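*Asks:* Here you go, one structure.
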Amino acid sequence: MCGIVGYVGNKNAQDFLISGLKRLEYRGYDSAGIVTLNGKGRATLLKVKGKISGLETKVAKNKTTDKIGIGHTRWATHGEPSELNAHPHKSGKIYLVHNGIIENYKELKAKLKSSHKFVSETDTEVLVALVNHFYSDGKYPLSNAVVQALKLVHGTYGIAVVSELNPNEIVVARSGSPLVIGIGNNETLIASDASALVGHTKKAIYLNDGEVATVTADSIEIKTLNSQPVSAKVEAIQTDLSAIQKGGYDHFLLKEIMEQPSSLTETLRGRINREEHLVHLGGPKLSDEELKSIKHLIIVGCGTAYHAGVLASYYIEQFTPDISIEPVMASEYRYRHAHVPENSVALIVSQSGETADTLACLRDLKAQGVKTIGIINAIGSTIAREVDGGTYIHAGPEISVASTKAFTSQAVAMIMFGLTVAEAKGVKNSLLAPYIDEIANLPKAIEKLLKNAPESVKNLAKRYKKYDHAIFLGRDVAYPIALEGALKLKEISYIDANAYPAGELKHGPLALVDDRFFEFVFLPENNLYDKTVSGIQEVLARGGHVIVITDADDFSLPVESVVKITTKMKIFTPILMNLVAQLFAYYITVAKNYNVDQPRNLAKSVTVE
Ligand code: M6R
């Protein structure tokens with residue numbers, strides 16, 4: 004949510020700031036700005052409402068040779084997207100960019116009104132005014148002023164601050180919102196996400212909560228808010244440039260959907276022993292005894308990560324009969340007074356590893372003594388660093404706001420975790436073997452589907468793009484796929500899509516069936532096949548416009564559209580069906596000419612509550 008960049012060195016700062024912001028644009032894209040300093044008391048502050056491309060045009064008309072600056076791409080929290088509300092914000096000689104939310108901004112604003120003329124509606128302007136208050140026009144070091152200000156602030160922040168009076172240094176700090184410092188040759192780079200640094204340096208320091216750093220072109224000094232020096236760990240940035248580029252695709256979303264055979268292969272790498280039908284996950288760091296003693300599994304996530312948890316829970320309970328599994332939405336769970344039974348373990352699921360609600364649940368559960376296991380994609384992210392153990396899904400960077408490849412890898416990683424629990428509990432290998440076989444074959448099955456499905460799904464999408472409403476239906480393991488399919492469609496095509504278990508139709512949703520709706524039904528050939536077919540018949544009897552996705556050869560109801568999936572898979576066909584839904588959402592959005600990768604009002608990585 005929002006992106007921060009900063010540069011100090013011997014190259015053109017505007018160039019890095021714009022290229023860095025373009026990389027971070029998926030994190031927020033309603034307004035943007037940069038400021039650079041010429042070292043002689045002149046600052047060039049440029050802001051736009053809208054995309055980075057607009058800022059780029061403005062910069063081209065206001066080119067400087069400045070070697071230091073900070074920038075920001077915004078996802079609005081306080082105040083509408085506008086040039087006035089865009090960052091950097093200014094007070095006196097100071098400029099500041101901020102990710103996060105200052106919760107006590109109103110009371111601070113009231114105190115600062117006499118010394119600072121507020122021009123925006125943002126909480127960030129309060130922070131820069133506060134820093135300036137302690138800076139006293141350069142009487143005190145900038146880092147001291149930042150620390151004094153942050154001590155008064157409640158909320159979350161990742162910030163970068165520069166002063167016209169100290170044109171060689173940037174002060175950065177974090178609490179609950181990530182910040183990375185890239186170490187270059189006579190240059191230091193700042194970003195809220197390491198992807199902005201790729202291609203510039205491979206060496207990075209990830210700031211921890213409560214730390215403040217003062218960086219120049221050739222020095223980095225890190226302290227805690229209580230002035231304790233911190234000796235930082237320099238880590239390697241593992242992402243390469245190709246992973247964050249479109250690689251010939253029109254959109255990141257299509258690239259990420261099509262990448263799933265390889266991204267899932269990475270999730271499985273070294274973790275499955277096909278011959279002996281065993282799963283090995285080193286990361287969770289649980290002994291056999293600890294695995295055996297698990298009685299209750301809580302799966303925490305938001306959005307797609309939550310849906311992956313729901314799907315995994317349906318599977319895990321099939322082969323691990325003596326544990327109860329509770330997938331929970333982090334935004335709800337954090338405020339519930341849930342009773343956590345003895346011998347609980349929590350899976351904390353997040354693609355970005357930065358989602359505020361998920362992080363809050365992780366911290367609460369840890370405080371209650373529950374063992375937490377991360378199912379995370381972004382390496383080095385906050386959640387990945389705070390969990391007791393974890394399994395990276397290794398799906399590679401996911402840039403499109405709509406999450407696709409992460410879902411598949413998250414679900415499979417959690418099912419593999421379930422299998423390790425089952426193995427430790429002594430569940431018969433003959434019961435687990437079919438699951439392990441199918442997981443091992445899943446990348447190939449996905450590859451086959453992605454070779455054949457896109458053209459027909461594209462045509463299907465053209466046919467249904469005129470609708471404003473959709474109902475997604477499925478039962479049992481197909482129900483979480485309905486949830487996920489509906490989320491994907493509404494998120495990028497703005498079609499009002501809701502999901503129901505097919506067995507719930509008669510309890511209300513059937514009343515919706517009319518010519519404004521189409522019904523998207525997932526129909527795997529399993530024990531509930533006939534029951535779902537009955538549901539479809541009830542919809543057809545009321546004139547529904549039904550699309551069925553099925554692997555059943557003999558499906559013959561007179562529905563409007565059918566997508567047949569030819570596969571040897573029996574257990575994990577719903578995962579294949581989900582890919583059809585992903586493609587459907589993609590092609591409908593393209594047909595409607597909407598922004599596929601950056602849907603309105605949203606941003607990747609929800610680091611605010
Ligand atoms: O980074 P996370 O996996 O924690 O993100 C969770 C949700 O914000 C995310 O899955 C969101 O629902 C996606 N935009 C869905 O496509």
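Under my numbering, read the sequence shown as residues 4 to 612, first letter to last.
Glycine residues also receive a C-beta, built at the ideal position from the N, C-alpha and C atoms.
Source: prediction; values computed, not measured.
Which value, in whole angstroms, describes the spacing of the CA atoms of Thr204 and Ile186?
*Replies:* Within the sequence shown, numbered from 1, the residue matching residue 204 stands at position 201. Within the sequence shown, numbered from 1, the residue matching residue 186 stands at position 183. Rounded to whole angstroms, Thr204 to Ile186 spans 6 Å at the Cα level.
*Asks:* Can you tell me which residues form a DSSP beta bridge with Tyr503?
*Replies:* By one-based count along the sequence shown, residue 503 stands at place 500. Paired residues: Leu476.
*Asks:* Starting from Ile247 and walking both ways along the beta strand (DSSP E), at which residues does that stretch end?
*Replies:* Residue numbering aside, residue 247 sits at position 244 when the sequence shown is read from its first letter. Note, Ile247: premise wrong, no beta strand (DSSP E); not H, not E.
*Asks:* Once the 5 residues before and after Asp140 are set aside, which same chain residues still bring their CB inside 8 Å of it?
*Replies:* For the purposes of this step, residue 140 is taken as residue 137 along the sequence shown, with counting starting at 1. If we look at Asp140 and ignore the five residues flanking it on each side, its Cβ neighbours are Gly95, Lys96, Leu168.
*Asks:* Assess, as a yes-or-no matter, whether the segment 243 to 258 is touched by the segment 316 to 334 under the definition of 3 or more beta carbon pairs within less than 8 Å.
*Replies:* Segments in contact, no.
*Asks:* Taking the CB atoms as reference points, tell me whether Gly304 and Val352 lie closer together than 7 Å.
*Replies:* In the sequence shown, counting from the first residue as 1, residue 304 sits at position 301. In the sequence shown, counting from the first residue as 1, residue 352 sits at position 349. Their beta carbons are under 7 Å apart, which means Gly304 touches Val352 by this criterion.
*Asks:* Output needed for His157: all residues of its chain with C-beta closer than 6 Å, excluding positions within five of it in sequence on either side, in chain order.
*Replies:* Taking the first residue of the sequence shown as 1, we reach residue 157 at position 154. If we look at His157 and ignore the five residues flanking it on each side, its Cβ neighbours are Glu106, Asn107.
*Asks:* Taking the beta carbon of Asn596 as the centre, do at least 16 other beta carbons fall within 10 Å, making it buried, or is it exposed?
*Replies:* Along the sequence shown, one-based indexing puts residue 596 at 593. It is exposed - the Cβ of Asn596 has fewer than 16 other Cβ atoms within 10 Å.
*Asks:* Run through the segment 285 to 335 for me and flag every whole alpha helix (DSSP H) of 4 or more residues, listed as ranges in chain order.
*Replies:* Fully enclosed alpha helix (DSSP H) runs of 4 or longer: 291 to 295, 306 to 322.
*Asks:* With DSSP run on the structure shown, which of helix, strand or coil describes Lys491?
*Replies:* Here residue 491 is taken as the residue at index 488 of the sequence shown, counted from 1. Helix.
*Asks:* Let me check one thing: in DSSP terms, what residues is His75 bridge-paired to?
*Replies:* Reading the sequence shown from its first residue, position 72 is the one you call residue 75. Its beta-bridge partners are Ile7, Gly36.
*Asks:* Compute the Euclidean distance between the alpha carbons of Glu83 and Ser564, then round it to the nearest angstrom.
*Replies:* By one-based count along the sequence shown, residue 83 stands at place 80. By one-based count along the sequence shown, residue 564 stands at place 561. Roughly 42 Å separates the two Cα atoms.
*Asks:* Short of 6 Å in beta carbon distance, which residues of its chain neighbour Val562, apart from the five on each side in sequence? Order them along the chain.
*Replies:* Within the sequence shown, numbered from 1, the residue matching residue 562 stands at position 559. Answer for Val562: Val549, Val551, listed in chain order.
*Asks:* Comparing alpha-carbon positions, which option in Tyr482, Ala359, Asp391 lies nearest Gly286?
*Replies:* Translated into the one-based positions of the sequence shown, residue 286 becomes position 283. Ranking Tyr482, Ala359, Asp391 by Cα distance to Gly286 puts Asp391 first.
*Asks:* With a threshold of 6 Å on Cβ separation, who are the neighbours of Glu262 within its own chain once the five nearest residues in sequence on each side are excluded?
*Replies:* The residue given as residue 262 occupies position 259 in the sequence shown. The answer, listed in chain order, is Lys408.
*Asks:* Starting from Phe521, trace the beta strand (DSSP E) in both directions and tell me its first and last residue.
*Replies:* Numbered from 1 along the sequence shown, position 518 holds the residue referred to as residue 521. 520 to 526 is the span of the beta strand (DSSP E), which, as asked, contains Phe521.
*Asks:* Secondary structure at Thr570, three-state DSSP: helix, strand or coil?
*Replies:* Position 567 of the sequence shown holds residue 570. In this structure, Thr570 counts as coil in the three-state DSSP scheme.
*Asks:* Can you grab the Cα-Cα spacing for the pair Ile495 / Tyr470, in whole Å?
*Replies:* In the sequence shown, counting from the first residue as 1, residue 495 sits at position 492. In the sequence shown, counting from the first residue as 1, residue 470 sits at position 467. Each residue's Cα considered, the two are about 14 Å apart.
*Asks:* Excluding the 5 residues flanking Ile574 on each side, which residues of the same chain have their C-beta closer than 7 Å to its C-beta?
*Replies:* Taking the sequence shown and counting its residues from 1, one reaches residue 574 at position 571. So the list reads Pro437, Tyr438, Glu441, once near-sequence residues are dropped.
*Asks:* Could you check the C-alpha separation between Leu115 and Val129 for me, to the nearest Å?
*Replies:* Position 112 of the sequence shown, counted from the start, is the residue given in the question as residue 115. Position 126 of the sequence shown, counted from the start, is the residue given in the question as residue 129. If I take the Cα positions, the gap works out to 8 Å.
*Asks:* Name the DSSP beta bridge partners of Glu214, please?
*Replies:* The residue you call residue 214 lines up with position 211 of the sequence shown. Bridge partners of Glu214: Arg177, Thr227.
*Asks:* Quick one: residues in its chain with C-beta nearer than 8 Å to the C-beta of Asp291, no 5 flanking neighbours on either side, listed in chain order?
*Replies:* Along the sequence shown, one-based indexing puts residue 291 at 288. Around Asp291: Ala427.
*Asks:* By a C-beta neighbour count over all protein chains shown, 10 Å radius and 16 as the cutoff for buried, is Asn188 buried or exposed?
*Replies:* Position 185 of the sequence shown, counted from the start, is the residue given in the question as residue 188. So Asn188 ends up on the exposed side.
*Asks:* One question on the structure: do Ser266 and Gly399 come within less than 7 Å of each other, judged by their Cβ atoms?
*Replies:* In the sequence shown, residue 266 corresponds to position 263, counting from 1. In the sequence shown, residue 399 corresponds to position 396, counting from 1. Taking 7 Å as the Cβ cut-off, Ser266 and Gly399 qualify as a contacting pair.
*Asks:* Nearest CA to the CA of Ile396: which residue from Asp325, Val404, Phe410?
*Replies:* By one-based count along the sequence shown, residue 396 stands at place 393. Out of Asp325, Val404, Phe410, Phe410 has the C-alpha closest to the C-alpha of Ile396.
*Asks:* Nearest to Ile173 by CA position, among Ser146, Arg478, Glu238, is which residue?
*Replies:* Taking the sequence shown and counting its residues from 1, one reaches residue 173 at position 170. Looking at the Cα atoms, Ser146 is the closest of the given residues.
*Asks:* Along the chain, which unbroken stretches of the alpha helix (DSSP H) at least 4 residues long are found entirely within the segment 350 to 401?
*Replies:* Listed in chain order, they are 359 to 370, 385 to 389.
*Asks:* Take His310 and list the residues in its own chain whose beta-carbon comes closer than 6 Å to its own, dropping the five residues that flank it on each side.
*Replies:* Taking the sequence shown and counting its residues from 1, one reaches residue 310 at position 307. Pro483, Leu486, Glu487.
*Asks:* Using the three-state DSSP reduction, which class does Lys50 fall into: helix, strand or coil?
*Replies:* Reading the sequence shown from its first residue, position 47 is the one you call residue 50. Lys50: strand per DSSP, three-state reduction.
*Asks:* Return the CA-CA distance between Ser608 and Asp557, expressed in angstroms with no decimal places.
*Replies:* Here residue 608 is taken as the residue at index 605 of the sequence shown, counted from 1. Here residue 557 is taken as the residue at index 554 of the sequence shown, counted from 1. Distance between the alpha carbons of Ser608 and Asp557 is about 43 Å.
*Asks:* Is DSSP giving Ala163 helix, strand or coil here?
*Replies:* Indexing the sequence shown from 1 puts residue 163 at position 160. Ala163: strand per DSSP, three-state reduction.
*Asks:* For the alpha helix (DSSP H) holding Leu271, just list the boundary residues, first then last.
*Replies:* Here residue 271 corresponds to residue number 268 of the sequence shown, with the count starting at 1. Element bounds for Leu271: 263 to 271.
*Asks:* For the beta strand (DSSP E) that His101 lies in, which residues bound it at each end?
*Replies:* Looking up residue 101 in the sequence shown gives position 98. It spans 97 to 102 - the beta strand (DSSP E) in which His101 sits, taken as one unbroken run.
*Asks:* Taking His90 as the reference, give the member of Lys465, Gly161, Phe137 with the closest Cα.
*Replies:* For this step, residue 90 is matched to residue 87 along the sequence shown. With distances taken between Cα atoms, His90 lies closest to Gly161.
*Asks:* Closest by CA to Ala584, which one among Ile225, Ala220, Ile539, Ala481?
*Replies:* Against the sequence shown, residue 584 aligns to sequence position 581. Among Ile225, Ala220, Ile539, Ala481, the Cα nearest to that of Ala584 belongs to Ala481.
*Asks:* In the structure shown, what three-state DSSP assignment does Glu238 receive?
*Replies:* For the purposes of this step, residue 238 is taken as the residue at position 235 of the sequence shown. Glu238: strand per DSSP, three-state reduction.
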